[in-house]
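S.K.: Using my numbering, the letters of the sequence shown map in sequence onto residues 4 to 397. Beta carbons: idealized from backbone N, C-alpha and C, even for Gly. Treat the numbers as computed from the prediction; the structure is a model and nothing was measured. First, the structure itself, so that you have it in front of you.
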Amino acid sequence: MSVGEAVEARPRRRAPRATFGVLITVILLLLFGVPWATLAWSGNAWPTPVFAAATAVFVLVAASFPVLMFRGHGGHSDAASRIADTTLGVVWVLFTWSIIGQAFGLALALFGVADPVRSRVVTAVVLLISALLLTWGYAEAMRVSRVRRIDVVLPRLGPGLDGLRVVLITDTHYGPIDRSRWSRGVVDVVNSLEPDIVAHTGDIADGQVEQRISQSSPLADVRARFARVYVTGNHEYFSGALGWVEHMTSLGWDALHNRHLVVTRNGDSLIVAGVDDRTAAGSGLPGHHADHEAALSGADPALPVLLLAHQPQQITGAVAHGVDLQLSGHTHGGQMWPFHYLVRIDQPVLQGLSRHSDRTQLYTSRGTGFWGPPFRIFAPSEITLLTLRSPATP
4 MSVGEAVEAR
14 PRRRAPRATF
24 GVLITVILLL
34 LFGVPWATLA
44 WSGNAWPTPV
54 FAAATAVFVL
64 VAASFPVLMF
74 RGHGGHSDAA
84 SRIADTTLGV
94 VWVLFTWSII
104 GQAFGLALAL
114 FGVADPVRSR
124 VVTAVVLLIS
134 ALLLTWGYAE
144 AMRVSRVRRI
154 DVVLPRLGPG
164 LDGLRVVLIT
174 DTHYGPIDRS
184 RWSRGVVDVV
194 NSLEPDIVAH
204 TGDIADGQVE
214 QRISQSSPLA
224 DVRARFARVY
234 VTGNHEYFSG
244 ALGWVEHMTS
254 LGWDALHNRH
264 LVVTRNGDSL
274 IVAGVDDRTA
284 AGSGLPGHHA
294 DHEAALSGAD
304 PALPVLLLAH
314 QPQQITGAVA
324 HGVDLQLSGH
334 THGGQMWPFH
344 YLVRIDQPVL
354 QGLSRHSDRT
364 QLYTSRGTGF
374 WGPPFRIFAP
384 SEITLLTLRS
394 PATP
């Protein structure tokens with residue numbers, strides 16, 4: 004285990020409960036308060052009954068939201084989770100477009116449009132755009148992911164492996180909304196690509212195995228010529244990681260818990276390795292932590308390495324250990340614009356293929372499913388087909 008991994012293994016200090024409570028309160032006041040000010044208050048000058056009714060709705064929803072979120076994700080109530088997650092998505096869109104709407108209102112003021120007309124125009128525009136985006140975003144979240152095709156040249160890849168087809172799925176997040184049919188559709192698309200290797204880079208579900216058995220069972224029917232491989236994401240450590248590792252093994256997948264296997268074709272070989280998520284060390288599960296040295300122990304250093312690691316941030320370990328290509332997910336591509344700006348604070352890459360050293364490349368998927376709010380806005384999901392290429396010969 005490297006120095007960086009040892010640091011990650013130390014439990015992070017948690018903020019005092021009072022500080023955390025104040026932070027959550029401030030966030031909730033902003034999330035609900037900004038849309039309320041834009042749609043109900045501001046310069047709309049609504050009749051008193053309209054203003055009172057709108058205010059009552061915002062207060063009721065804001066007060067019930069943390070209760071539902073706790074009962075859903077803390078108390079494992081799928082019904083509460085569905086309501087809370089949907090509320091979060093709706094209020095995020097209203098919050099975002101309320102801010103943009105206020106800027107639009109300033110522009111209208113410069114052109115001499117006075118209140119209440121100005122504020123009512125802003126309200127109408129915010130509501131219309133939000134409704135359109137939420138409808139479209141829901142359809143995008145629920146549809147079977149499109150295929151994204153990427154060619155990746157690996158200088159150390161032998162010619163016998165040229166054209167190797169690796170299909171990546173990740174962040175399926177089987178959860179409170181039953182997506183068994185969606186899961187079956189994803190498997191059908193994966194199989195239609197005739198992959199040599201299928202990789203799942205974690206966050207398989209939100210919930211215990213027994214809760215998500217019908218959604219995850221289609222994974223047993225994934226077909227791959229050489230290997231089906233899986234690593235844990237951070238959400239496994241909220242949802243019974245050991246159970247998911249055992250379940251994926253029972254479905255015929257190789258759980259790469261800090262280990263590797265070798266794929267050989269036409270006389271050339273590729274190391275396929277996996278490490279636990281970077282949060283695994285804080286889970287309290289014995290032996291769970293990202294350990295690149297263990298994952299590559301006994302591997303021929305002359306062979307190219309394909310590494311599965313849930314978070315793009317784990318690329319530093321891949322670079323240090325001479326990995327050729329790391330496959331990751333976790334970011335969801337931001338999932339709901341403009342949340343991607345916050346994701347980039349924590350992660351080096353949002354999505355796509357990137358280079359991090361002379362040897363090491365990283366492919367970050369936008370994710371195959373979604374977390375929490377059942378919306379994807381300007382961040383479509385994907386099933387990724389990566390075709391590995393050896394260097395062109397003279």
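1. Do you know how far the Cα of L109 is from the Cα of V189?
2. Assuming contact is defined by CB atoms lying nearer than 8 Å, are G325 and L353 in contact in what I supplied?
3. With a Cβ-Cβ cutoff of 8 Å, do P377 and M145 count as a contact?
4. When the Cα atoms are used, what is the spatial distance from D333 to G372?
5. Given G92, which residues of its chain have a CB within under 6 Å of its CB, disregarding the five upstream and five downstream residues?
6. Select from N47, P50, A48 and I27 the residue whose C-alpha is nearest the C-alpha of A66.
7. Helix, strand or coil for R159? Go by DSSP, reduced to three states.
8. How about the stretch 211-228 and the stretch 114-131: do they share at least three Cβ pairs that are nearer than 8 Å?
9. Counting along the chain, where does the beta strand (DSSP E) carrying A271 start and finish?
10. Under 8 Å by Cβ, that's how I've got V157 and S331 pegged, so tell me the actual separation to the nearest angstrom.
11. Have a look at L160, T99 and R121 and flag the residue whose alpha-carbon is nearest the alpha-carbon of N269.
12. Under 8 Å between the Cβ atoms of N261 and D279?
13. Go through the stretch 338-367 residue by residue and report every complete run of the alpha helix (DSSP H) that reaches 4 residues or more, in order.
14. For F61, which residues of its own chain have a beta-carbon under 6 Å away from its beta-carbon, when the five flanking residues on both sides are left out?
15. In three-state terms, what does DSSP make of A227?
16. Please give the ranges of any alpha helix (DSSP H) in the stretch 37-113, keeping only runs that are unbroken, at least 4 residues long and fully inside the region.
17. Please list the terminal residues of the continuous alpha helix (DSSP H) segment that includes R123.
18. Should L345 be labelled buried (16 or more other beta-carbon atoms within 10 Å of its own) or exposed?
19. Where in the stretch 159-234 do unbroken runs of the beta strand (DSSP E), each at least 3 residues long, occur, reported from the N-terminal end onward?
20. Where S234 and S195 are concerned, what is the direct C-alpha to C-alpha distance, given to the nearest angstrom?
21. Considering Cα atoms alone, identify which of A284, V275, Q316 and A312 is closest to S300.
22. Let me make sure I understand the geometry here. Which of A323, W100 and Q214 has the alpha-carbon closest to that of L42?
23. With DSSP as the reference, label E8 as helix, strand or coil.
24. In its own chain, which residues sit with a C-beta less than 6 Å from the C-beta of A202, not counting the 5 before and 5 after it?
25. From A321 to T363, what does the alpha carbon distance come to, in whole angstroms?
26. Could you tell me how far apart the beta carbons of A87 and M72 are, in whole angstroms, since I believe they sit closer than 8 Å?
27. To the nearest angstrom, report how far apart S84 and E296 are at their CA atoms.
28. How many angstroms separate the CA atom of R13 from the CA atom of W44?
29. When DSSP labels each residue in this structure, what does A244 get in the three-state scheme?
30. G210 and G246 - do their beta-carbons sit closer together than 8 Å?
31. Would you list the residues sitting across from E249 in a DSSP beta bridge?
32. Going by beta carbon distance, what residues of the same chain come within less than 6 Å of H291, once the five residues before and after it are set aside?
33. Closer than 7 Å by C-beta to H76: which residues in its own chain qualify, once you throw out the five before and the five after it? Chain order, please.
34. Based on Cα-Cα distance, which residue from S368, S384, R152 and P69 lies nearest to G24?
35. Kindly indicate the opening and closing residues of the beta strand (DSSP E) around T267.
36. The beta strand (DSSP E) that contains V308, what's its start and end?
M.R.: Let me lay it out:
1. Separation of V189 and L109 (C-alpha to C-alpha, rounded to the nearest whole angstrom) is 46 Å.
2. Contact: no.
3. Yes. Within cutoff.
4. Note on identity: in this sequence residue 333 is His, with Asp being the wrong assignment. Here the alpha carbons of G372 and H333 stand approximately 11 Å from one another.
5. When the five nearest sequence neighbours on each side are left out, the beta carbons in the same chain lying within less than 6 Å of the beta carbon of G92 are those of P376 and F378, in order along the chain.
6. Of N47, P50, A48 and I27, the residue nearest in Cα terms is I27.
7. Here R159 sits in coil by DSSP.
8. No, the stretch 211-228 does not touch the stretch 114-131.
9. Looking at the sequence shown, residue 271 is not Ala but Asp. In this chain, the beta strand (DSSP E) harbouring D271 covers D271 to G277.
10. First, the amino acid is wrong: residue 157 is Leu here, not Val. In fact, because the Cβ distance is near 16 Å, the residues do not count as touching under 8 Å.
11. Comparing Cα positions, the closest option is L160.
12. In this structure, D279 lies closer than 8 Å to N261 by Cβ.
13. Within the stretch 338-367, complete alpha helix (DSSP H) segments of at least 4 residues are found at 343-349, given in chain order.
14. Sequence-distant Cβ neighbours of F61 in its own chain, meaning closer than 6 Å and more than five residues away, are F35 and W39.
15. In the structure shown, A227 sits in coil (DSSP, three-state: anything other than H, G, I, E or B).
16. For the stretch 37-113, whole alpha helix (DSSP H) runs of length 4 or above, ordered along the chain, are 51-72 and 81-113.
17. Where R123 is concerned, the enclosing alpha helix (DSSP H) stretches over V120 to M145.
18. So L345 ends up on the exposed side.
19. Along the length of the stretch 159-234, whole beta strand (DSSP E) runs at least 3 residues long occupy 167-172, 200-203 and 230-233, reported in chain order.
20. First, the amino acid is wrong: residue 234 is Val here, not Ser. Distance between the alpha carbons of V234 and S195 is about 23 Å.
21. If we check each option's Cα against that of S300, V275 comes out closest.
22. Among A323, W100 and Q214, the Cα nearest to that of L42 is on W100.
23. Confidence at E8 is low in this model, with a pLDDT of 41, below 50, so the placement of that residue is unreliable and no value is reported for it.
24. So the list reads L171, V232, L311 and L330, once near-sequence residues are dropped.
25. Cα to Cα, A321 sits roughly 7 Å from T363.
26. With 8 Å as the limit, A87 and M72 qualify as a contact, their Cβ atoms being about 4 Å apart.
27. The alpha-carbon of S84 is positioned some 39 Å away from that of E296.
28. Residue placement at R13 cannot be trusted, given a pLDDT of 44 that sits under 50; what the coordinates show is reported in the next sentence. The straight-line gap separating the alpha-carbon atoms of R13 and W44 is approximately 48 Å.
29. In the structure shown, A244 adopts helical secondary structure according to DSSP, grouped into three states.
30. Cβ atoms of G246 and G210: not closer than 8 Å.
31. The beta-bridge partner set that DSSP reports for E249 is empty.
32. Take H291, set aside five residues on each side of it, and the residues of its chain with a beta-carbon closer than 6 Å to its own are D279 and A283, in chain order.
33. S84.
34. Comparing Cα-Cα distances from G24 to each of S368, S384, R152 and P69, the minimum goes to P69.
35. For T267, the enclosing beta strand (DSSP E) starts and ends at R262 to R268.
36. V308 to L311 is the span of the beta strand (DSSP E), which, as asked, contains V308.
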